[in-house]
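In what follows, a single structure is set out as structure tokens and then discussed.
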Amino acid sequence: MIEPEYREEMRLFYRRLADFMSERPELFEELNYEMAFLKELNMPDGDKRNIVLDWYIFDHKSKTLSKNLLEYFIENSDLDEDTKILYSGLKNTIYSIFEVKAIRMGKEMKAYDMLSGKEFSIKDTSITKHVIKGQLVIMRTLPYKGDFILTGRAFPFPLQSSRILKLSLLSAKNEKKPQRLTPLAICKIFYTQEKPEKLPPPERFRLICKECSLDDSYIDEIIQRTKEQVENKGHFNDIQREFMSRLRPHANFDIKELIKAHMDVWNGFIKGHVEKGPFEIALISAGMTYVQQVVNPMRHKDMGKASIKAEKAFEDWLDTKFDELDGSTPKELILKEREELGNTVKIIKFSIAISNLAPGEETRKKAEEVVNKAMQLLGENKPKEAIKLYKKHLAIVPKNHVAWLNLGVAHVLLLDKKNAESCFRKALEIEPNYKVAKNNIRILENATENDIKRMAEEYRVQMVNQGKRKTLNIKDMHDDMYEQIDRPAIS
Numbered sequence: 011m012i013e014p015e016y017r018e019e020m021r022l023f024y025r026r027l028a029d030f031m032s033e034r035p036e037l038f039e040e041l042n043y044e045m046a047f048l049k050e051l052n053m054p055d056g057d058k059r060n061i062v063l064d065w066y067i068f069d070h071k072s073k074t075l076s077k078n079l080l081e082y083f084i085e086n087s088d089l090d091e092d093t094k095i096l097y098s099g100l101k102n103t104i105y106s107i108f109e110v111k112a113i114r115m116g117k118e119m120k121a122y123d124m125l126s127g128k129e130f131s132i133k134d135t136s137i138t139k140h141v142i143k144g145q146l147v148i149m150r151t152l153p154y155k156g157d158f159i160l161t162g163r164a165f166p167f168p169l170q171s172s173r174i175l176k177l178s179l180l181s182a183k184n185e186k187k188p189q190r191l192t193p194l195a196i197c198k199i200f201y202t203q204e205k206p207e208k209l210p211p212p213e214r215f216r217l218i219c220k221e222c223s224l225d226d227s228y229i230d231e232i233i234q235r236t237k238e239q240v241e242n243k244g245h246f247n248d249i250q251r252e253f254m255s256r257l258r259p260h261a262n263f264d265i266k267e268l269i270k271a272h273m274d275v276w277n278g279f280i281k282g283h284v285e286k287g288p289f290e291i292a293l294i295s296a297g298m299t300y301v302q303q304v305v306n307p308m309r310h311k312d313m314g315k316a317s318i319k320a321e322k323a324f325e326d327w328l329d330t331k332f333d334e335l336d337g338s339t340p341k342e343l344i345l346k347e348r349e350e351l352g353n354t355v356k357i358i359k360f361s362i363a364i365s366n367l368a369p370g371e372e373t374r375k376k377a378e379e380v381v382n383k384a385m386q387l388l389g390e391n392k393p394k395e396a397i398k399l400y401k402k403h404l405a406i407v408p409k410n411h412v413a414w415l416n417l418g419v420a421h422v423l424l425l426d427k428k429n430a431e432s433c434f435r436k437a438l439e440i441e442p443n444y445k446v447a448k449n450n451i452r453i454l455e456n457a458t459e460n461d462i463k464r465m466a467e468e469y470r471v472q473m474v475n476q477g478k479r480k481t482l483n484i485k486d487m488h489d490d491m492y493e494q495i496d497r498p499a500i501s
């Protein structure tokens, strides 16, 4: 069985990469910016981190490095030739959305790549226990010693989401767009499976019609005629009767769903009925994150000039092509979505009042400085001093679940089981899907005094070896990917 050997190799790979990145804080600034593209997705922050980090390591051309991080790491790290050859093989990974075709539980599965149309036989002992035939999964596979193996985190979709996801992917294929997973593509997939009604009405209508065997050209004709009827103040009855007479309904067909989808298309062509689409909301959020990074109000005496600079930075950002957006600009994608929603407004402009934002930004920076110092003290085995700073930080940012967890770690170092468990539970209360906190609580519940001493000692050894805050953050990003030794984890 090659998987245990492979897993150990990957643990070592991520450990080395974490150390390498910890010496280059500018990479974390870039990585945090990439997170903004998934900010609006309704999913745990840890999952967002893992998605973005996985893409950033293997697929993204970093602006900071002028090349891919994996490639730069291989060229510039102190690795022996055999290891460099092994890691170079990671460049051949395939990151895609797969349909599970067959399973040998605990051994392997056959998976069909929905983007390339290729089928793979993948050796795996873990995910094969958690998926079933017909399920769609976002995952990364790579060739390893003659076999295909999974690496990183897999994201299975509920089986009931498969129908609409398959149709969405088929639609993208018909449009002959680049077939690769970027943050934009992942956003589209998650919006589709989580809340189908978030799709632009014409696309939602198109997918339902395709399920009932209507072809693209006829669907386009119906949408165009709907628009003309709205403009001529006509009625929708005749159009609906016509296209419904041509349907070939499937077993799960819901006529109410189709009528609602068509009415959404109709209303989309009526002035004043259009709301912002999900991608416009996500992109504007990412743009504002960028503006906050490049315009520091503390460096401007004149807040009016700072606001003008911020607006200019935002306009420039809108016109910048991004690899994350499949080579498109945010403006192009926003206008395209507006067109699909029937929104004819072509101007994208926001008034940014720096004077109103400055106090919040200053407070945020102060809180960040405090928590950074607290993490440093924790790494230096000074838990009492760290606790004081964590409490100061949490007075400013009480909903920071990571800070609550690390405050619990500080109490473990002081052998204070009661307060440690209380902090871990507070972290879990804020972020119910926080697996690190759940694991820590599970371990502490039945821990003896000797167990606590052993945990504290293991922490001290771990922090001496890992040292820097950024390394600990990278480790946290991969806690869910690989099996960890049975002790509470640091975020």
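Numbering of the sequence shown is given in my numbering, commencing with residue 11 and proceeding in unit increments. Even glycine gets a Cβ: it sits at the ideal position worked out from N, Cα and C. Computed from a predicted structure; not experimentally measured.
For the pair phenylalanine 108 and tyrosine 444, the Cα-to-Cα distance works out to about 26 Å. Pairing serine 106 with isoleucine 148, the inter-Cα distance amounts to about 6 Å. In the DSSP annotation of this structure, the continuous segment of the alpha helix (DSSP H) that includes aspartate 274 starts and ends at 265-278.
Leaving aside the five residues that flank asparagine 78 on each side, the residues in its chain whose CB is nearer than 6 Å to its CB run, in chain order, Lys71.
The alpha-carbon of tyrosine 97 is positioned some 34 Å away from that of histidine 411. Distance between phenylalanine 68 and leucine 125, taken at the CA atoms: about 18 Å. In the three-state DSSP reduction, alanine 121 falls in the strand class (E or B). One thing to note: aspartate 333 has its Cβ no nearer than 9 Å to the Cβ of lysine 341.
If you ignore the 5 residues before and after asparagine 42, its C-beta comes within less than 8 Å of no other C-beta in its own chain. Taking 9 Å as the cut-off, the Cβ atoms of histidine 272 and threonine 236 count as close. No Cβ-Cβ contact shorter than 9 Å links lysine 155 with alanine 112. Residue state for phenylalanine 130 is assigned as strand, using DSSP reduced to three classes.
Annotation: the continuous alpha helix (DSSP H) that includes valine 419 extends over 411-423. Under the three-state reduction of DSSP output, lysine 383 falls in the helix class. Unbroken alpha helix (DSSP H) stretches of 4 residues or longer found wholly inside the stretch 60-130: 79-86 and 91-98, given in chain order.
Per DSSP, isoleucine 249 is one residue of the alpha helix (DSSP H) stretching across 247-255. For threonine 236, the uninterrupted alpha helix (DSSP H) segment begins and ends at 226-241. 9 Å or more divides the Cβ of isoleucine 451 from the Cβ of histidine 421. Assignment of phenylalanine 158 by DSSP, reduced to helix, strand and coil, places it in the strand class.
Its chain contains Pro210 and Pro212 as the residues whose beta carbon lies nearer than 6 Å to that of glutamate 350, once the 5 sequence neighbours on both sides are disregarded; these appear in chain order. The shortest C-alpha to C-alpha distance from alanine 437 to any of Lys128, Leu404, Glu467 and Ile291 is the one to Leu404.
Residue pairing from DSSP places threonine 151 in a beta bridge opposite Ile104 and Leu160.
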